[in-house]
Amino acid sequence: MHSITRGVLGGVVAGPLLLGAAGVAAADEGSGAAYTSSTVAAGPHGASTEFVHSSAESHGHGGHDHGYGHGSYAFYHENGTWAGPDGAGTWSTTSYAESERGSECEEECSDDGSSSYYHELETSAGCDGAYVSETESYAESEY
206 MHSITRGVLG GVVAGPLLLG AAGVAAADEG SGAAYTSSTV AAGPHGASTE
256 FVHSSAESHG HGGHDHGYGH GSYAFYHENG TWAGPDGAGT WSTTSYAESE
306 RGSECEEECS DDGSSSYYHE LETSAGCDGA YVSETESYAE SEY
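Basically the working numbering = 1-based index in the sequence shown + 205.
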């Protein structure tokens, strides 16, 4: 079990370290925003990582068409990993919603629809067994 934990621990720590393990917030000319954060921890009893990213953007420009359409979206993702003397595991959550508006708004603007998505996954394994839990949903609407 120790060799499995060490192997998982190496993979757990390597990815976020390559990313720089830093938090960043940014805004884009008032049309959108994004946030990213990552954390890495390691000690004598195990290691863990956590990554979070969220962003939102809107292409609505007061009803004027600029040739690339109108619409907006919001996105959120987080994931983490852990490994220790009793096992290892991962978890993640992803959520996305968007609303699209047709790019041809000369006479009348028609909505193309909207959609949303949610996914959650949790896994773990250790001396006492393994566990997997997954939830997923999707909805779409045409106007």
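Cβ coordinates follow ideal geometry from the N, Cα and C atoms, glycine included.
DSSP beta-bridge partners of residue i
| i | result |
| --- | --- |
| V243 | Just to set this straight, residue 243 is Ser in the shown sequence, not Val. S243 pairs with F256. |
| H324 | T299 and E341 |
| S236 | Answer by DSSP bridge pairing: none, since S236 is not bridged. |
| H282 | H258 and T299 |
Closest by C-alpha distance to residue i, when choosing among the options
| i | options | result |
| --- | --- | --- |
| E339 | T328, D333 and S277 | T328 |
| F256 | A247, S263, H324 and Y240 | Y240 |
| L326 | V245, H282, H264 and S304 | H282 |
| A335 | S319, A246, S321 and A293 | A293 |
| G289 | E341, S253 and G276 | S253 |
| H429 | A344, G318, E305 and Y343 | The question about residue 429 has no answer here: the residues shown for the chain are numbered 206 through 348. |
| V337 | E262, W287, T295 and S260 | T295 |
Cα-Cα separation between residue i and residue j, rounded to whole angstroms
| i | j | result |
| --- | --- | --- |
| E347 | H324 | 22 Å |
| S300 | G285 | 16 Å |
| S297 | G331 | 19 Å |
| E303 | H258 | 17 Å |
| Y319 | S242 | It should be noted that the sequence gives Ser, not Tyr, for residue 319. Roughly 28 Å separates the two Cα atoms. |
| G321 | A247 | First, the amino acid is wrong: residue 321 is Ser here, not Gly. Computed Cα separation, rounded: 36 Å. |
| G237 | E345 | 23 Å |
| H250 | Y278 | 41 Å |
| E262 | W287 | 32 Å |
Neighbourhood of residue i by C-beta, 6 Å cutoff - its chain only, sequence neighbours within 5 removed
| i | result |
| --- | --- |
| T244 | E255 |
| E341 | H324 |
| F280 | S260 and Y301 |
Own chain residues within Cβ distance below 7 Å of residue i, not counting five before or after
| i | result |
| --- | --- |
| G276 | H264, E303, S304, E305 and R306 |
| D291 | G331 and C332 |
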